[in-house]
Amino acid sequence: MNLHLTGQHLEITPAIRDYVSSKLVRVTHHFDHLAEVNVVLTVQKLNHHIEASVHLRGKDIFCESGDVDMYAAIDSLVDKLDRAIIKHKEKSLQHRHDGAPLKHRAE
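Residue numbers for the sequence shown follow numbering that gives the first Met the number 0, so the first one is 0 and each next one is one higher.
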């Protein structure tokens with residue numbers, strides 16, 4: 000997995016980098032073939048905004064979150080990404096099983 004962190008009006012410290020990468024490990028448990036994750040951290044006055052796009056095979060998933068605390072925004076973003084990836088995985092498994100050839104279906 001390639002992780003790209005970008006900070007707008009914010010310097011990416013090693014602590015933030017380690018925190019984001021440790022939280023995104025939870026997302027990699029669902030798919031082994033995550034190609035790329037782009038994370039953009041933005042600070043505007045007192046609001047911390049974070050957005051991430053995950054490139055999967057066949058689909059790109061985008062989530063964003065905002066909070067007063069950067070670490071709370073990261074936690075919220077990872078929860079949203081986790082739910083979106085689980086939803087995508089369930090849909091792909093459902094399509095695979097529903098689209099089985101006729102000879103393999105139980106009659």
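Note that CB positions come from ideal geometry on N, CA and C, so glycine has one too.
Here the structure is a predicted model, which means the values were calculated and not measured.
Roughly how many angstroms separate the alpha carbons of V53 and G6, rounded to a whole number?
-> As a first step, residue 53 is located in the sequence shown; it is residue number 54 there, counting from the start. As a first step, residue 6 is located in the sequence shown; it is residue number 7 there, counting from the start. Near 17 Å, if we compare the C-alpha coordinates of G6 and V53.
Close beta carbons around H8, own chain, < 6 Å, minus the five adjacent residues each side = Here residue 8 corresponds to residue number 9 of the sequence shown, with the count starting at 1. Excluding positions up to five away in sequence, the list reads V42.
Start and end residues, alpha helix (DSSP H) containing A51 | Taking the sequence shown and counting its residues from 1, one reaches residue 51 at position 52. Unbroken run through A51 is the beta strand (DSSP E), N46 to L55; no alpha helix (DSSP H).
Would you kindly check if the distance between the Cβ of A83 and the Cβ of C62 is under 8 Å?
-> As a first step, residue 62 must be located in the sequence shown, where it is residue number 63. As a first step, residue 83 must be located in the sequence shown, where it is residue number 84. Yes.
In or out: S19 buried (at least 16 other Cβ within 10 Å) or exposed?
-> For the purposes of this step, residue 19 is identified with residue 20 of the sequence shown, where counting begins at 1. At residue 19 the sequence reads Val, which differs from the Ser that was named. With 16 or more other Cβ atoms within 10 Å, it is buried.
Quick one: residues in its chain with C-beta nearer than 6 Å to the C-beta of I11, no 5 flanking neighbours on either side, listed in chain order?
-> Taking the first residue of the sequence shown as 1, we reach residue 11 at position 12. Correct list, in chain order: L4.
If we call anything under 8 Å between Cβ atoms a contact, is L80 one with V26?
-> Position 81 of the sequence shown, counted from the first residue, corresponds to residue 80. Position 27 of the sequence shown, counted from the first residue, corresponds to residue 26. Yes, the pair counts as a contact, with Cβ atoms nearer than the cut-off.
Leaving out the 5 sequence neighbours to the left and right, which residues in its chain are closer than 6 Å to D78 when beta-carbon positions are compared?
-> Position 79 of the sequence shown, counted from the start, is the residue given in the question as residue 78. There are no such residues.
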